[in-house]
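Encoded as structure tokens, the structure appears first; notes follow it.
In this note's numbering, the protein residues as written are 228 to 476.
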């Protein structure tokens, strides 16, 4: 596959705003998300008046659950459609804004920054990952913490399901996963009932723990813990499904 041209739209800027993205992923496990949030909060012990940021919040499922536990929460995402949907849930302690994490944050400061459900590593230019982290770090209070929830890259590559088909509301999505240099790629092809064909590709950089630690050093973050699943067990490269970093400014 050829390298993405700088003139082409970035994949996430089109796919995340597509109604078919939300259709394909409509059955994401909200119960698991709630249990993860509860475990994180019990582990991190935010003060009752803490201000929390959900960075790359999507339609706000994690931000909503954080706010329901009494915290002041801001959700940011670059998808206009996702933020439009999320704003239906806004209340006095919960607010959403459209924002690209590569740009300085005009909000905060925050006591905690959460980046959950593999919402990192999308950029073609690797230096932009560090820029995004520096922006998030700048929005943290001194001593504040950041949580980055990423897939366990090593295990994900070993267990890559190359071909899969999912049918949702009469649309069959054909999924093809493969490696393209430093990226794990999921190609998504489908045809609507009206006969229109579409093709999208999700690209997530195959970041190792060591590469993340290089990023954190450059962003002025210190690794406090690395956890391996949504039950917050310690990270094991061979067996853990996730790579969850607890970072301190």
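Just so you know, even glycine gets a beta-carbon here, dropped at the ideal spot from N, CA and C.
- Counting only residues of its own chain and dropping the five nearest sequence neighbours on each side, residue 272 has no CB closer than 6 Å to any other CB.
- Put simply, the stretch 443-455 does not touch the stretch 418-429. Fewer than three CB pairs are less than 8 Å apart.
- Taken in chain order, the complete alpha helix (DSSP H) segments of 4 or more residues contained in the stretch 398-448 are 436-446.
- Inclusion of residue 444 and residue 262 in the CB contact set at 8 Å is not warranted, their separation being larger than that value.
- Residue 451 sits in a strand when the DSSP states are folded into three classes.
- DSSP places residue 267 in the helix class (H, G or I) of the three-state scheme.
- Here the C-alpha atom of residue 404 lies approximately 40 Å from the C-alpha atom of residue 297.
- Under the 10 Å beta carbon count, residue 384 is surrounded by fewer than 16 other beta carbons and is classified as exposed.
- As DSSP reads the structure, residue 375 sits in a beta bridge with 342, 472.
- Here residue 375 is near residue 474, since their CB atoms are less than 8 Å apart.
- Within a 10 Å sphere around the beta-carbon of residue 248 sit 16 or more other beta-carbons, which makes this residue buried.
- For the pair residue 282 and residue 323, the CB atoms are not nearer than the 8 Å cut-off.
- Of the other Cβ atoms in all chains shown, 16 or more fall within 10 Å of the Cβ of residue 306; this residue is therefore buried.
- For residue 358, the uninterrupted alpha helix (DSSP H) segment begins and ends at 354-365.
- Distance from the CA of residue 417 to the CA of residue 400, rounded to the nearest whole angstrom, comes to 5 Å.
- Leaving aside the five residues that flank residue 396 on each side, the residues in its chain whose CB is nearer than 7 Å to its CB run, in chain order, 250.
- The three-state secondary structure of residue 368, taken from DSSP, is strand.
- The beta carbon of residue 377 sits closer than 8 Å to the beta carbons of 345, 347, 348, 434, 439, 469, 470, 471, 472 from its chain, once the five residues preceding and following it are set aside; these are given in chain order.
- Straight across, the Cα-Cα distance linking residue 367 with residue 424 is about 44 Å.
- For the set 276, 317, 310, the Cα lying nearest the Cα of residue 291 is the one of 317.
- Under the three-state reduction of DSSP, residue 388 is assigned to coil, being neither helix nor strand.
- Taking 8 Å as the cut-off, the Cβ atoms of residue 359 and residue 329 count as close.
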